[in-house]
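Residue numbers (this note's numbering), protein chains in the order written: chain A, 60 to 525; chain B, 60 to 525.
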């Protein structure tokens, strides 16, 4: 390919016109936007979302973009931050195994806020989302899995660059400005996996939504940044050891960029979550749910139980047992125990009184969570998992899931997507939630995003955090 | 030491009381604050500072903290961002060779803005600065030089954590909150050396001032983050290869924390710049200035010239020749050429019409800038430089500077500091500038920081950027 890669990507983004984004990509982008808006509504009452909103309200700002699920409007960058944080609060938003992170919870809050501020219609939002998703895949192919192994949360790091590129398109920036936005976004990228299981994980989504949006706005005004940042500084810092003119050799940018737009990667869809917890727990949860329901296993019948997974899964799921809901989202033993006891791992299971049940506390200690040597040899990063139960009657049952329900290889139906949205939008009346679903489903034709976000305002005041 | 190191540092910060910070530390912090305020005033008209201000004004915010050198006030986090960016615009702010970056341009804007918002007096600002500087040294000892070699701009990355800790002290946070602020600040840290020579380098300072301040404010409200982030995720991502429970072994936190407060590192002072360009150019500039003035060398007498330096200096100074002032700040040939032609390397030399002079364009092409093998073997990171000139009469002259003027080992006098401040504060009348110097010099006794920042307002409207 032509170097610098950063400029090449900017050129491609700036060259896109509406007809280049076909129906399949628009549908994928719309589904992702709807799922994200649902989980923002569901997460808005979470403590980290309330604290992010309080900070934004106290800092103040021109009231041009709505805090989803709230009466207030604020500036675009604060709205992107608050909505991004709320959307990731429950770890219920979609996930992607090329970027190794969460694509929509960074792209959607930033694009919606910016479209609202500038009066940009829904069609362009869907195009921008399509490009942002494509860009996240290029970045993921270039730097993963080394980037993730190093301890970076790609939602924040790659997200910041992806949002910068998507917002650059939404603003109609030229190649030079887009290049500056990408490079500036790369300098604003951060986030550490060690903060998983705390409020700082959702903060990463908000931070990256905001950083990318700010990068694009500054680039629009004429702010400058280097034309080779992605393949030199960014690659070296995030996935290699050295910097300098030959640093592009540390990442295969040629292969990373080659599939650009042929077809758009979002046409395959994105991995939607049906459990509000780390994606690495999902195959284990689905396997356990399948096992306990198909075999009708009762807790009292169980003599021993456990799960086996690959290297990355064991690293990311750092909590052997969970004492809070946030920790539970990154604990395979907790998720397996909840699946066995409740036969469901939904929003309710991660609420504090649910986590505190003695039955759950006792059972999660009994879950053996171990490395599967064969899986680790074949693919250290795979999220596949096998669960097993030894029954008191001597029988031993196992189930293996390579891909969770909702994965692009195992997608949800439109009806299942809508059911999840309605569950997430419980703070709206059912009538309002259905009307919002229908209106947002026609996003491609919407001239006014502000009208759509107004449908997601919630007039109930929640208590302030303790 | 006791692990987690993150919690140990939080404990130390939360345990500090005013009497623990003595006169020497307060004087060091005051000098650093004054130098920083001066360079913010000098940089406020620079294009990147104007663009940052425009974005902040358009986003809006509660008017509680002043944009230095401007009429407007805005929210604390936007003020920290704008003032941080302005302060680093000219690369004229102080520098530190333990953090391998710029300490005051992140700490001072954040602390001043937050003190203004909360009505906190000057004495506490000086204490918070002292702790922030100490913390930056701990971080620098733990992760450098690998961190810098990897392509990170420590001003942004370590700065974000340093500011979080300093702001946590200013807000009077307890140990738990301070730990959360440090860990959250680490997740908000980024910045890439590849963006040197563009507006995005000053952006790093503003970004880190803002990120650290936001981290401390969220921690104050109860936001959570992991208690081991600095020695696991942060260390692994920034300076080592793996994550996991043993990752603290990749950095010697014991030695990094040991010198904490014995005495405070700021008591030795900080490296103040007398040239507004990358610190790695300074020994070369000082050597060339010394050579041309002591030997009275004229441009026409020169047959050939050059400079020799160590590995890191050659990497950081990435421009062989400069076509803009920003590139000139990271070009040894440009700086050497300016020193020879003008016998001064000040603000004026980096202005566009000055850079565009044919004499400078021609001369910088003639400067040989090469690796000194001996220096590289002994210390790859040293900023030391040797310059040489071959005269047409056959004589060959050389000068070696290990430490630039203004370095802590070669410090400026109070009078020299004040001269630099007055040069930087040219947008104020001389009377107002002197009054501001005197008032800020007594910062330790000031009950009202807002009164002091008001003295730095400038009522002249500048033209909007082209």
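Glycine included, every Cβ here is placed at the ideal spot set by N, Cα and C.
### Query
Roughly how many angstroms separate the alpha carbons of residue 445/A and residue 230/A, rounded to a whole number?
Working through the first chain from its first residue, we reach residue 445/A at position 386. Working through the first chain from its first residue, we reach residue 230/A at position 171. Those two C-alpha atoms are separated by around 46 Å.
### Task
Decide if residue 162/B is buried, meaning its Cβ has at least 16 other Cβ atoms within 10 Å, or exposed.
As a working note, residue 162/B is residue 103 in the second chain. Buried, since its Cβ has 16 or more Cβ neighbours within 10 Å.
### Query
Is the Cβ of residue 477/A closer than 7 Å to any Cβ of chain B?
Here residue 477/A corresponds to residue number 418 of the first chain, with the count starting at 1. So no, residue 477/A is outside the interface.
### Task
Would you please state the rounded distance, in angstroms, between the beta carbons of residue 323/B and residue 84/B? I believe it to be under 8 Å.
Taking the first residue of the second chain as 1, we reach residue 323/B at position 264. Taking the first residue of the second chain as 1, we reach residue 84/B at position 25. About 4 Å; that satisfies the 8 Å criterion.
### Query
Just the Cα atoms here: how many angstroms apart are residue 68/A and residue 117/A?
Locating residue 68/A in the first chain gives position 9, counting from the first residue. Locating residue 117/A in the first chain gives position 58, counting from the first residue. Cα-Cα distance, rounded: 38 Å.
### Query
Residues of chain B with a CB under 8 Å from the CB of residue 114/A: which are they?
By 1-based counting over the first chain, the position of residue 114/A is 55. What residue 114/A touches in chain B: 273, 276, 277 and 280.
### Query
At a CB-CB cut-off below 8 Å, which residues of chain A make contact with residue 120/B?
The count along the second chain starts at 1 and reaches residue 120/B at position 61. Correct list: 118, 119, 120 and 134.
#### Entry: Rounded separation between residue 339/A and residue 380/A - CA only
Your numbering for residue 339/A matches position 280 in the first chain. Your numbering for residue 380/A matches position 321 in the first chain. Roughly 16 Å separates the two Cα atoms.
### Message
Short of 8 Å Cβ to Cβ, which residues in the region 183-212 of chain A face chain B?
### Response
208, 209, 210, 211 and 212
### Query
Going by other Cβ atoms of all chains shown within 10 Å of its Cβ, with 16 needed for buried, is residue 109/A buried or exposed?
Here residue 109/A is taken as the residue at index 50 of the first chain, counted from 1. Burial call: buried.
### Task
Taking residue 258/B as the query, report the chain A residues whose CB atoms sit under 9 Å from its CB, ordered along the chain.
Start at 1 with the first residue of the second chain, and residue 258/B comes out as number 199. Here the neighbours are 239, 243, 277, 281, 282, 283 and 284.
### Through-space distance from residue 334/A to residue 341/A, alpha-carbon basis
Working through the first chain from its first residue, we reach residue 341/A at position 282. Working through the first chain from its first residue, we reach residue 334/A at position 275. Their backbone Cα atoms lie some 7 Å apart in a straight line.
#### Entry: Near-chain B residues of the region 409-425 of chain A (beta-carbon distance less than 9 Å), N- to C-terminal order
none
#### Entry: First through last residue of the beta strand (DSSP E) which encompasses residue 177/B
In the second chain, counting from the first residue as 1, residue 177/B sits at position 118. From DSSP, residue 177/B is part of no beta strand (DSSP E) but of the alpha helix (DSSP H) over 163-177.
### Task
Indicate whether residue 136/A and residue 269/A have their beta-carbon atoms separated by less than 7 Å.
Taking the first residue of the first chain as 1, we reach residue 136/A at position 77. Taking the first residue of the first chain as 1, we reach residue 269/A at position 210. Cβ atoms of residue 136/A and residue 269/A: closer than 7 Å.
### Query
With burial defined as no fewer than 16 other Cβ atoms inside 10 Å of the residue's Cβ, what is the status of residue 451/A: buried or exposed?
Stepping through the first chain from its first residue, residue 451/A is reached at position 392. Exposed, by the Cβ-count rule.
### Query
With which residues is residue 448/B paired in a DSSP beta bridge?
Position 389 of the second chain holds residue 448/B. Residue 448/B is bridged to 364/B and 456/B.
### Task
Could you tell me whether the Cβ of residue 251/A comes closer than 7 Å to any Cβ of chain D?
As a matter of chain content, chain D is missing from the structure shown, whose protein chains are A and B.
### Message
If I measure Cβ to Cβ from residue 64/A and keep anything under 6 Å in the same chain, skipping five residues before and after, which residues do I get?
### Response
Numbered from 1 along the first chain, position 5 holds the residue referred to as residue 64/A. Contacts found: 289, 290 and 312.
### Task
Leaving aside the five residues before and after residue 139/A along the sequence, list all residues of the same chain whose C-beta is less than 6 Å from its C-beta, in chain order.
On the first chain, residue 139/A is found 80 positions in, with the first residue counted as 1. The answer, listed in chain order, is 168, 169, 172, 268, 269 and 272.
### Query
Which one of 409/B, 293/B and 222/B has the shortest CA to CA distance from residue 164/B?
Position 105 of the second chain holds residue 164/B. Nearest of 409/B, 293/B and 222/B to residue 164/B, Cα basis: 222/B.
### Query
For residue 292/A, which of helix, strand or coil comes out of DSSP?
The residue given as residue 292/A occupies position 233 in the first chain. It is helical.
### Task
Within the same chain, show all residues whose beta-carbon is closer than 8 Å to that of residue 66/A, passing over the 5 residues directly before and after it, in chain order.
Numbered from 1 along the first chain, position 7 holds the residue referred to as residue 66/A. Contacts found: 234, 238, 286 and 287.
### is_contact[residue 248/B, chain A] using C-beta, thresh 7 Å
As a first step, residue 248/B is located in the second chain; it is residue number 189 there, counting from the start. Closer than 7 Å to some Cβ of chain A, the Cβ of residue 248/B qualifies, so yes.
### Query
Within 10 angstroms of its Cβ, does residue 87/A collect 16 or more other Cβ (buried), or is it exposed?
The residue you call residue 87/A lines up with position 28 of the first chain. Buried.
### Query
Quick one: any contact between the region 483-490 of chain A and the region 377-392 of chain A, if contact means 3 or more CB pairs under 8 Å?
no
### Message
Any heavy atom of the ligand NAP closer than 6 Å to the beta-carbon of residue 105/B?
### Response
Absence of the ligand NAP is noted for the structure shown, with no ligands found whatsoever.
### Message
I'd like to check one pair, residue 144/B with residue 115/B: are the Cβ atoms closer than 7 Å?
### Response
The residue given as residue 115/B occupies position 56 in the second chain. The residue given as residue 144/B occupies position 85 in the second chain. The answer is no: Cβ separation not under 7 Å.
### Query
How close, in whole Å, do the beta carbons of residue 193/B and residue 319/B come, if the pair is a contact with beta carbons under 8 Å?
Here the question's residue 193/B lines up with position 134 in the second chain. Here the question's residue 319/B lines up with position 260 in the second chain. The Cβ separation is near 6 Å, so the contact holds.
### Query
Using the beta-carbon count (16 or more within 10 Å), is residue 199/B buried or exposed?
As a first step, residue 199/B must be located in the second chain, where it is residue number 140. Flag for residue 199/B reads buried.
### Message
Which same chain residues end up closer than 8 Å to residue 489/B when comparing Cβ atoms and leaving out the 5 residues on each side of it in sequence?
### Response
For the purposes of this step, residue 489/B is identified with residue 430 of the second chain, where counting begins at 1. Here the set comprises 481.
### Query
By Cβ distance, which residues of its chain are closer than 7 Å to residue 71/B, with the 5 residues on each side in sequence left out?
The residue you call residue 71/B lines up with position 12 of the second chain. So the list reads 319, once near-sequence residues are dropped.
### Message
If I measure Cβ to Cβ from residue 349/B and keep anything under 6 Å in the same chain, skipping five residues before and after, which residues do I get?
### Response
The count along the second chain starts at 1 and reaches residue 349/B at position 290. 458, listed in sequence order.
### Task
Compute the distance between the beta-carbons of residue 146/A and residue 249/B, then report whether it is under 7 Å.
Here residue 146/A is taken as the residue at index 87 of the first chain, counted from 1. Here residue 249/B is taken as the residue at index 190 of the second chain, counted from 1. No, these two residues do not count as a Cβ contact at 7 Å.
### Task
Answer with yes or no whether the minimum CB distance from residue 293/A to chain B is below 7 Å.
Here residue 293/A refers to the residue found at position 234 when the first chain is read from its first residue. With 7 Å as the cut-off, residue 293/A counts as an interface residue toward chain B.
### Query
Under the three-state reduction of DSSP, which class applies to residue 427/A: helix, strand or coil?
Mapped onto the first chain, residue 427/A falls at position 368. Looking at residue 427/A - three-state DSSP - the assignment turns out to be strand.
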